Amino acid sequence: MTIAFHPDIATLMAFSAGTLEEPYTVVVATHLAMCEACREQVKRTDLIGGALLASEPEAEMVPGALDRLLAAADSDDVAQPIIVPDTGVPAPIAHYLPRGLDGVRWRWSGPGVAVADLPSSSAAKGRLMLLRVEAGRKVPEHGHGGQELTLILQGAYRDRFGRFGAGDIADHDEDVEHQPIAEPGEDCICLVAVDAKLSFRSRLVRTLQPLFGL
Amino acid sequence: MYATIMTEAKSTTGAMPERAEPAELIRRVAERRDKAALSALFVQFAPRIKSMMLRLGVDAAHAEDLAQEAMLSVWRKAHFYSPDKGAASTWIFTIARNLRIDAARRQSNRPYVDLEGIEVESEAPHGHALLEQSQIVARVSKALEVLPEEQREVVRLSFIKEMSQSEIAQRVGIPLGTVKSRLRLAYDRLRPLLEDLH
Ligand SMILES: [Zn+2]
Numbered sequence: 001m002t003i004a005f006h007p008d009i010a011t012l013m014a015f016s017a018g019t020l021e022e023p024y025t026v027v028v029a030t031h032l033a034m035c036e037a038c039r040e041q042v043k044r045t046d047l048i049g050g051a052l053l054a055s056e057p058e059a060e061m062v063p064g065a066l067d068r069l070l071a072a073a074d075s076d077d078v079a080q081p082i083i084v085p086d087t088g089v090p091a092p093i094a095h096y097l098p099r100g101l102d103g104v105r106w107r108w109s110g111p112g113v114a115v116a117d118l119p120s121s122s123a124a125k126g127r128l129m130l131l132r133v134e135a136g137r138k139v140p141e142h143g144h145g146g147q148e149l150t151l152i153l154q155g156a157y158r159d160r161f162g163r164f165g166a167g168d169i170a171d172h173d174e175d176v177e178h179q180p181i182a183e184p185g186e187d188c189i190c191l192v193a194v195d196a197k198l199s200f201r202s203r204l205v206r207t208l209q210p211l212f213g214l
Numbered sequence: 215m216y217a218t219i220m221t222e223a224k225s226t227t228g229a230m231p232e233r234a235e236p237a238e239l240i241r242r243v244a245e246r247r248d249k250a251a252l253s254a255l256f257v258q259f260a261p262r263i264k265s266m267m268l269r270l271g272v273d274a275a276h277a278e279d280l281a282q283e284a285m286l287s288v289w290r291k292a293h294f295y296s297p298d299k300g301a302a303s304t305w306i307f308t309i310a311r312n313l314r315i316d317a318a319r320r321q322s323n324r325p326y327v328d329l330e331g332i333e334v335e336s337e338a339p340h341g342h343a344l345l346e347q348s349q350i351v352a353r354v355s356k357a358l359e360v361l362p363e364e365q366r367e368v369v370r371l372s373f374i375k376e377m378s379q380s381e382i383a384q385r386v387g388i389p390l391g392t393v394k395s396r397l398r399l400a401y402d403r404l405r406p407l408l409e410d411l412h
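As you go down the protein sequences, you meet chains A and B in turn. Just so you know, we're using our numbering here: the first sequence kicks off at 1 and counts up by one. Just so you know, we're using our numbering here: the second sequence kicks off at 215 and counts up by one.
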């Protein structure tokens with residue numbers, strides 16, 4: 001898999017620090033499962049956290065803390081590797097999609113466009129969803145109310161930034177406007193994290209926005 | 215780099231925990247279920263994890279629990295660790311970070327499967343010589359020190375104060391785009407120093 005577009009390094013640093021909001025964390029983790037180069041990057045950004053931990057001063061533990069740990073270790077088993085069923089989707093999102101991308105229950109969201117929300121915890125800020133754009137279809141031009149992370153899982157689309165195929169990630173700031181067009185041949189399916197409602201540019205589409213559920 | 219006074223953490227039942235490279239201690243836990251090695255890891259890391267959690271605004275009892283849980287995870291997951299995946303302190307940092315995130319979500323299950331337990335086929339060459347733990351810490355700390363103040367600030371706020379980029383923007387009074395560009399600049403400077411460390 002040749003990946004041309006990666007998350008902004010600032011996004012990867014936030015992932016390492018644990019300060020990225022939950023839906024974005026899922027998208028980044030999924031990209032990491034597909035992208036060797038970014039796994040190497042995250043090793044470096046994690047290292048910053050590791051070094052900061054190792055150079056922390058020592059807080060005093062409560063008396064008997066070590067004995068408590070050793071007692072817990074007695075009754076605790078080793079962790080088993082996580083077996084992820086192979087349904088053709090990357091491991092970090094496999095449990096959302098027990099029957100793979102074919103089993104997704106899509107919700108109509110405009111001509112040629114469908115979405116499916118993925119559950120997040122109640123503490124999550126933002127929204128995680130799958131977006132499917134029919135092969136050859138244009139998504140209405142839109143801007144973003146906040147950061148948007150889009151990871152292509154299947155198919156490809158083009159916009160003014162280039163061609164985004166499987167594994168590529170579009171890491172867009174709030175000011176970016178674009179109009180993706182799905183390539184002919186195969187439906188384009190993306191994993192998307194957004195932290196605000198997308199703002200569509202044309203007034204007609206803006207009126208339809210609540211209907212689109214975007 | 216580590217404190218030399220260890221009397222506080224002496225187990226009432228065991229011998230004085232020893233000092234050794236964390237990667238070696240984790241290997242002993244994995245291969246021999248070695249409790250002396252676990253104790254030594256506890257001495258090195260539990261008080262620091264607790265300190266980091268306190269700094270992140272976690273209350274004292276919860277910080278203590280997170281440090282305990284992190285060390286128990288080290289016990290349970292030691293066989294997942296291998297030195298070519300990264301420095302031991304980095305691995306322990308990611309365990310503690312993930313536990314804190316999970317707790318914050320107040321959910322028993324993570325919404326996604328972490329990569330930590332999953333074997334991902336790596337195309338990168340393995341087996342490069344690992345620097346000693348203390349050298350890694352020294353190198354990275356030094357790298358952070360030489361950053362311009364404005365860059366160091368956003369890195370510290372990200373990692374130590376657990377602030378999102380938009381929170382940092384508000385706190386420092388700069389646009390979000392500037393926070394990101396400072397992080398990028400900081401990373402560009404750090405990268406050559408981090409290159410052969412992991
Ligand atoms: Zn990447």
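Cβ atoms here follow ideal geometry from the backbone N, Cα and C, with glycine treated the same way. The structure displayed is predicted, hence computed values, not measured ones.
Under 8 angstroms by Cβ, that's how I've got residue i and residue j pegged, so tell me the actual separation to the nearest angstrom.
| i | j | result |
| --- | --- | --- |
| alanine 182 of chain A | glycine 136 of chain A | 6 angstroms |
| alanine 281 of chain B | methionine 61 of chain A | 7 angstroms |
| isoleucine 189 of chain A | leucine 153 of chain A | 5 angstroms |
| aspartate 8 of chain A | aspartate 171 of chain A | 5 angstroms |
| alanine 260 of chain B | leucine 268 of chain B | That pair is no contact at about 13 angstroms. |
| alanine 17 of chain A | phenylalanine 373 of chain B | 4 angstroms |
| glycine 49 of chain A | arginine 396 of chain B | Contact flag wrong, Cβ pair sits at about 18 angstroms. |
Leaving aside the five residues before and after residue i along the sequence, list all residues of the same chain whose C-beta is less than 7 angstroms from its C-beta, in chain order.
| i | result |
| --- | --- |
| glycine 103 of chain A | Leu97 |
| glutamate 186 of chain A | Ala135, Gln154 and Gly155 |
| lysine 264 of chain B | Ala277, Glu278 and Ala281 |
| glutamine 379 of chain B | Leu390, Val393 and Lys394 |
| arginine 324 of chain B | Because arginine 324 of chain B sits at a pLDDT of 44, beneath the cut-off of 50, its placement in the model cannot be relied upon, and the following sentence gives the value as read from the coordinates. Here the set comprises Asp316. |
| alanine 114 of chain A | Trp106, Arg107, Trp108 and Arg132 |
| serine 120 of chain A | Glu22, Pro23 and Leu128 |
In whole angstroms, give me the CA-to-CA distance for residue i and residue j.
| i | j | result |
| --- | --- | --- |
| aspartate 74 of chain A | isoleucine 315 of chain B | 26 angstroms |
| leucine 358 of chain B | leucine 404 of chain B | 7 angstroms |
| methionine 377 of chain B | glycine 391 of chain B | 15 angstroms |
| arginine 105 of chain A | arginine 132 of chain A | 11 angstroms |
| alanine 51 of chain A | serine 355 of chain B | 7 angstroms |
| aspartate 298 of chain B | glutamine 179 of chain A | 42 angstroms |
| aspartate 76 of chain A | valine 272 of chain B | 26 angstroms |
| valine 192 of chain A | alanine 292 of chain B | 34 angstroms |
| arginine 99 of chain A | threonine 87 of chain A | 6 angstroms |
| isoleucine 169 of chain A | histidine 6 of chain A | 5 angstroms |
| valine 257 of chain B | proline 63 of chain A | 13 angstroms |
| leucine 47 of chain A | alanine 59 of chain A | 22 angstroms |
| leucine 101 of chain A | leucine 20 of chain A | 26 angstroms |
| arginine 398 of chain B | leucine 313 of chain B | 27 angstroms |
| valine 27 of chain A | arginine 262 of chain B | 30 angstroms |
| aspartate 402 of chain B | arginine 107 of chain A | 43 angstroms |
| serine 322 of chain B | phenylalanine 307 of chain B | For serine 322 of chain B, the pLDDT reaches just 35, beneath the cut-off of 50, and the residue's location in the model is therefore unreliable, although a value from the coordinates is still provided. Cα to Cα, the separation comes out at about 20 angstroms. |
| tyrosine 157 of chain A | glutamine 41 of chain A | 26 angstroms |
| tyrosine 24 of chain A | isoleucine 388 of chain B | 23 angstroms |
| phenylalanine 161 of chain A | glycine 112 of chain A | 22 angstroms |
| leucine 151 of chain A | isoleucine 83 of chain A | 23 angstroms |
| valine 89 of chain A | glutamine 349 of chain B | 40 angstroms |
| cysteine 38 of chain A | histidine 31 of chain A | 8 angstroms |
| alanine 234 of chain B | lysine 249 of chain B | 14 angstroms |
| lysine 43 of chain A | alanine 65 of chain A | 31 angstroms |
| alanine 54 of chain A | glutamate 177 of chain A | 43 angstroms |
| proline 57 of chain A | alanine 318 of chain B | 24 angstroms |
Quick one: what's got a C-beta closer than 6 angstroms to residue i's C-beta in the same chain, skipping five residues either side?
| i | result |
| --- | --- |
| alanine 400 of chain B | Leu361, Gln365 and Val369 |
| threonine 11 of chain A | Asp171 |
| threonine 45 of chain A | Leu12, Met13 and Ser16 |
| lysine 125 of chain A | Glu21 |
| aspartate 117 of chain A | Met129 |
| threonine 2 of chain A | none |
| leucine 270 of chain B | Glu376 |
| isoleucine 309 of chain B | Ala284 and Ser287 |
Thinking just about the alpha-carbon of each residue, which of the options is nearest to the one in residue i?
| i | options | result |
| --- | --- | --- |
| arginine 247 of chain B | A:Arg160, A:Ala116, A:Tyr24 and A:Ala79 | A:Ala79 |
| glycine 110 of chain A | A:Lys138, A:Thr87 and A:Gly185 | A:Lys138 |
| tryptophan 289 of chain B | B:Val393, B:Glu363 and B:Arg242 | B:Arg242 |
| alanine 4 of chain A | A:Glu36, A:Ala14, A:Phe15 and A:Thr19 | A:Glu36 |
| methionine 34 of chain A | A:Pro92, A:Ser55 and A:Thr45 | A:Pro92 |
| serine 296 of chain B | B:Gln349, B:Arg311, B:Glu245 and B:Met266 | B:Glu245 |
With a CB to CB cut of under 8 angstroms and the five nearest residues on each side skipped, what residues in its chain are close to residue i?
| i | result |
| --- | --- |
| glutamate 409 of chain B | none |
| proline 184 of chain A | Ala135 and Gly136 |
Ligand 2 and residue i: does any heavy atom of the ligand fall closer than 6 angstroms to the residue's C-beta?
| i | result |
| --- | --- |
| alanine 37 of chain A | The model depicted lacks ligand 2 and carries ligand 1 instead. |
Would a check of beta-carbon distances place residue i closer than 7 angstroms to chain C?
| i | result |
| --- | --- |
| valine 354 of chain B | Given the protein chain composition of this structure (A and B), no chain C is represented. |
Do the region 376 to 387 of chain B and the region 159 to 166 of chain A meet, that is, are 3 or more Cβ pairs less than 8 angstroms apart? Between the region 376 to 387 of chain B and the region 159 to 166 of chain A there are fewer than three C-beta pairs closer than 8 angstroms, too few to call the two in contact.
Please determine if the region 53 to 71 of chain A and the region 247 to 256 of chain B are in contact, where contact requires at least 3 C-beta pairs separated by less than 8 angstroms. The region 53 to 71 of chain A is in contact with the region 247 to 256 of chain B.
If contact is defined by three or more beta carbon pairs under 8 angstroms, each pair taking one atom from either stretch, is the region 301 to 314 of chain B in contact with the region 234 to 250 of chain B? The region 234 to 250 of chain B, when compared against the region 301 to 314 of chain B, does touch it at the 8 angstroms Cβ threshold.
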